Every structure is written in structure tokens, then in C-alpha cells.
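*Asks:*
Residue numbers (the working numbering): 33 to 269.
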């Protein structure tokens with residue numbers, strides 16, 4: 033299986049977005065997904081389990097060895113020890129999340145489990161956006177040694193959570209904790225993350241503008257057909 037660090041996908045995605053209703057409080061809804069495979073490390077990590085709080089956008093990144101239900105549940109239990117359980121978890125239909133073990137866990141913990149439609153990744157857009165930012169950043173940081181990416185995950189998580197979010201107008205940390213995160217800046221990593229975030233924003237703007245252009249052309253064509261039905265060719269003299 034090829035490493036995703038060398039296979040970044042771009043362009044428009046298939047399918048339409050059907051938002052799942054969420055509460056306007058922290059830690060109520062988690063978006064969960066795996067990113068990978070990445071280059072294997074000496075600890076056998078090949079993937080990252082990403083958990084995003086839907087309201088605050090606070091992100092947790094857990095290096096894992098596989099995309100199994102066991103690895104996903106192990107990290108959710110780690111999360112539970114500090115933050116308790118969410119009311120709902122949103123995932124794709126990967127084998128880990130459709131497994132009996134994952135379903136039983138959600139039932140036993142009284143967690144609603146929503147699975148997005150196959151082929152519509154934007155249904156879990158919170159983690160998709162994080163992944164589109166992380167993959168190129170990890171690629172650039174791993175040029176010297178692609179097996180050391182897991183050592184950067186904690187720092188990347190901290191920077192993501194202390195960075196202004198254009199959707200909420202706050203950093204995820206401020207929304208979740210109520211104060212500004214105090215930390216020593218890693219300007220190189222922050223610059224890389226901001227570069228990728230701006231690129232993602234530009235891609236979204238380009239898509240919107242292309243859609244607007246098509247809509248304008250469609251209206252112009254409809255206006256022409258409506259007008260032309262009432263007219264005839266101008267006589268030539």
C-alpha cells in the first residue's frame with residue numbers, strides 16, 4: 033500500500049454535504065477518522081487517529097499501528113479518562129467503525145454513532161480538512177527521515193489547537209479551556225501549517241468562483257433562449 037505522504041489528492045470531491053445536527057457545546061460531538069498509511073516508524077506506527085471536537089474544532093492526534101477497531105477504541109478510552117464521553121461520534125464506514133466491537137462500545141457507553149455515506153468524505157469534513165493540512169506538512173518535515181514523523185505529532189497538535197480558526201474566530205484551545213494557550217512558539221512548524229491552511233482556503237475560494245462562473249453562464253444562456261424565442265433573425269439589406 034503506497035504511503036499517502038507522496039499521494040496527496042486534490043481537486044473537487046464527489047457527492048453533496050448533508051450536515052448532521054450538533055449541539056453548540058464543547059465535547060458533545062466527535063469527528064473521528066484515520067490518516068495513513070504513513071512511513072512505518074521504529075514503534076511500528078503507520079497511521080494517525082484524528083479526533084476533532086465539532087464545536088471548538090479542538091483536535092487530538094494519536095499515532096497508531098493500524099486502522100483496527102482495537103486501536104481506535106484504545107485511543108477513545110484514553111480520551112475518555114480525561115474528557116468523558118461525547119454524545120455522538122461521526123465516522124466514515126471504514127472496517128474499524130463498522131465492526132461489532134466499535135458498535136458495542138458506543139452502545140455500552142451510550143454514544144450515538146453516525147456513519148457518513150461512502151464516497152462523501154465532506155460528511156466528515158472536520159477531519160478531512162485537518163488531514164489535508166497535515167499530510168503536506170508531515171511530508172515536508174519528513175524529508176530527512178520519513179520514519180520520525182510521530183515525534184512531531186504532539187507539537188503539530190499543540191499548534192493546531194492554539195491557532196486562530198476562521199470558522200469560530202477563536203483558537204480551539206480558547207473555546208475549550210477559556211484562556212489563551214501559553215507556549216513557546218515553534219515558528220517553523222506554525223509557518224508550515226499556516227501555509228497549508230491558506231492553500232486550502234484558496235482552493236475553496238477557487239471552487240466557489242468556478243461554481244459562480246458556471247451559474248452566471250447558465251443564467252446568461254437561459255436569458256438568451258428566453259429572449260431569442262421572441263425574436264427572429266435581423267433582415268439583411
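Beta carbons: idealized from backbone N, C-alpha and C, even for Gly. These numbers were taken from a predicted model, which means no experiment stands behind them.
1. Whose CA, out of 247, 113, 169, lies closest to the CA of residue 182?
2. Any idea what DSSP makes of residue 202, helix, strand or coil?
3. Kindly provide the ranges of any alpha helix (DSSP H) runs that are 4 or more residues long and lie completely inside the stretch 81-122, ordered along the chain.
4. Unbroken beta strand (DSSP E) runs of length 3 or more, entirely within the stretch 129-154: which are they?
5. Have a look at 98, 138, 102 and flag the residue whose alpha-carbon is nearest the alpha-carbon of residue 117.
6. Would DSSP call residue 65 helix, strand or coil?
7. If we count the other Cβ atoms within 10 Å of its Cβ and call it buried at 16 or more, is residue 198 buried or exposed?
8. Just the C-alpha distance for residue 110 and residue 176, rounded to the nearest angstrom, thanks.
9. Out of 73, 208, 55, 105, state which residue places its alpha-carbon closest to the alpha-carbon of residue 65.
10. For residue 252, count neighbouring Cβ atoms within 10 angstroms of its own Cβ and tell me buried if that reaches 16, exposed if not.
11. Can the beta-carbon of residue 79 be found closer than 8 Å to that of residue 99?
12. Could you name the residues that DSSP lists as bridge partners for residue 79?
13. Run the CB neighbour count on residue 160, radius 10 Å, all protein chains shown included, and call it buried at 16 or more, exposed below.
14. Hey, residue 57 and residue 87: beta-carbon distance below 8 Å or not?
15. Take residue 185 as the anchor and find which of 136, 74, 81 has the nearest alpha-carbon.
16. By Cβ distance below 7 Å, which residues in the same chain neighbour residue 134 in space, the five residues on each side in sequence not counted?
17. Rounded to whole angstroms, what's the CA-CA distance from residue 136 to residue 112? Just pull it up for me.
18. Would you tell me roughly how many angstroms separate the C-alpha atoms of residue 120 and residue 71, rounded to the nearest one?
*Replies:* The relevant details are as follows:
1. Checked all of 247, 113, 169; the closest Cα to residue 182 is 169.
2. Three-state DSSP puts residue 202 in coil, outside helix and strand.
3. Within the stretch 81-122, the complete alpha helix (DSSP H) runs of at least 4 residues are 101-115.
4. Qualifying beta strand (DSSP E) stretches, in chain order: 144-147.
5. Nearest option by C-alpha distance: 138.
6. Look at residue 65 here: in three-state DSSP terms it is strand.
7. Answer is exposed; the Cβ neighbour count stays below 16.
8. Answer to the nearest angstrom: the Cα atoms are 32 Å apart.
9. Ranking 73, 208, 55, 105 by Cα distance to residue 65 puts 105 first.
10. Label assigned to residue 252: exposed.
11. Contact: yes.
12. Beta-bridge pairing links residue 79 to 96.
13. With 16 or more Cβ atoms within 10 Å of its Cβ, residue 160 is classed as buried.
14. Taking 8 Å as the Cβ cut-off, residue 57 and residue 87 qualify as a contacting pair.
15. Looking at the Cα atoms, 81 is the closest of the given residues.
16. Residues 101, 104, 105, 128 of the same chain have their beta carbon placed closer than 7 Å to that of residue 134, with the five preceding and five following residues left out of the count.
17. The straight-line gap from Cα to Cα measures roughly 16 Å.
18. Distance between the alpha carbons of residue 120 and residue 71: 32 Å.
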